[in-house]
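One structure below.
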Amino acid sequence: MNIAHNNKYVFKTDEFEYKFTFDRNLSKYELRKITNYVRQKAGIETDSFPTPETTPTKEATNRLTGLPNLHHSIRKTLQKRRKQHEKFRDFIVCKDSLRNKKRTRLVLSSHRVLGVQIKKDTPVYEVALSQISEVEIRGGIIKELWLFTTNGTRKVWQVPPDTGPEFKDKIEDEMGKPIRRNKAEVDADQSLNVSRSELQSLMQNLDSYDFEYFVADLWEERGWDTEVSPRSGDAGVDIVATRGHQSEQKQVIQTKRYGPNTSVGGPEIQQYASLQLQFPDADEVLVVTTGSFTGAAEERAEELDVLLVDGRELTLLVEDHDFTAVLSSYLTDAQKQQG
């Protein structure tokens, strides 16, 4: 069965030929659905794939990933009180060591630590990661998780001896990540009144890890849901972006925070094109850089169907979405002066 692109799709079998024309290119999910329709008409066995009714929703896949065994009433509470960009990472069952209250689920997200109880509409405890100054595991047979805050308070939880120390490490790892931002969460007065070349230079001054988060925030502003990979074990992918419900689109994004005299070359594009093999359900592979691409890189990208966003195009996206205040929130005073 052959498929021709450019919005025109031709499905051929030994006995039938079906032609479809659409006003846009179709996602892989839509193509597969139509392919199965043609197979049914031709009497050919169809492929098995999730239908819209059984495909996990964005809410299930993006909001509460990592919490598959959490009680449904607690999941409902977290979904209602989820902040923008917030991703829930993990949880443990514990007790309040000081008050010996009933069991509490201590939940870790990309923004905070929450204590949530079954059939409670509001968390019984909440602290932002930015307000945690130190995390410790104390005790012998009975382990306690101590959370110290920047305002001098502390909270002590009795935790399982096998999973408590691991949960403590996950909190510390999450504390080391930049907090996701959007325009509503930053002061509009932070907007940068600079030229395009200066704007591009400021992005080149970002820390590489901060740049990943900045690009993810910009893609969220453009209507995508994004997940930034950990610093280790990301298999070369910096960001996974998805949007849509029944016919979900997925992009895998590699970011390169390069200076003005550094370009992404052909061998790098060859390497990043292989991400399609690691993520076969991805519709597009993107490489986003603050620098430029060599001629060889552009040729390889066209051959391998890799999308490129260079520093000039990225600067235009920042301007089009009025995103300079968010960029400013990532920059230190020293980085702004360097720009």
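So the sequence shown is residues 1 to 339, counted in the working numbering.
The beta-carbon is built from N, C-alpha and C at its ideal position, and this holds for glycine as well.
Remember, predicted model here, so these are calculated numbers, not experimental data.
Query: Sequence-distant residues of its chain with Cβ nearer than 6 Å to Thr55 (five each side left out); Result: Since pLDDT at Thr55 reaches only 39, below the 50 mark, its modelled position is unreliable, and no value is offered.
Query: Assumed close pair Lys183, Val318 - CB separation to whole angstroms, cut-off 8 Å; Result: The Cβ separation is near 12 Å, so there is no contact.
Query: Opposing strand residues paired with Gly115 [DSSP bridges]; Result: Leu106, Tyr125
Query: Residue closest to Gly291, alpha-carbon to alpha-carbon, out of Thr315, Ala301, Asp322, Gly259; Result: Gly259
Query: Whole-number beta carbon distance between Gly236 and Gln254, since they are thought to touch under 8 Å; Result: 7 Å
Query: Spatially closest choice to Cys94 from Gln84, Arg105, Glu86, Lys87, by CA coordinates; Result: Arg105
Query: C-alpha gap between Lys155 and Ser133, whole angstroms; Result: 12 Å
Query: Span separating the alpha-carbon of Ser208 from that of Ser110; Result: 19 Å
Query: Status (buried if at least 16 other CB within 10 Å, exposed otherwise) for Thr77; Result: buried
Query: CB of Glu212 within 8 Å of CB of Asp238, strictly; Result: yes
Query: Contact check, Leu202 vs Leu192, beta carbons under 8 Å; Result: yes
Query: For Asn36 and Leu147, the rounded distance between their alpha carbons; Result: 54 Å
Query: Selection from Met175, Arg103, Gln84, Lys177 that minimises the alpha carbon distance to Ile74; Result: Arg103
Query: Stretch pair the segment 81-92 + the segment 159-169: three plus CB contacts closer than 8 Å; Result: yes
Query: Val306 beta carbon less than 8 Å from that of Tyr330; Result: no
Query: Proximity of Ser328 and Gln190 at Cβ, strictly below 8 Å; Result: yes
Query: Segment contact, 8 Å Cβ cut-off, at least three pairs: the segment 263-277 with the segment 293-303; Result: yes
Query: 8 Å Cβ cutoff met for Gln200 and Thr315; Result: yes
Query: Val152 versus Arg82 - alpha carbon distance; Result: In the sequence as displayed, the identity of residue 152 is Gly instead of Val. Using only the alpha carbons, I get a separation of about 26 Å.
Query: For Glu298 and Val309, the rounded distance between their alpha carbons; Result: 11 Å
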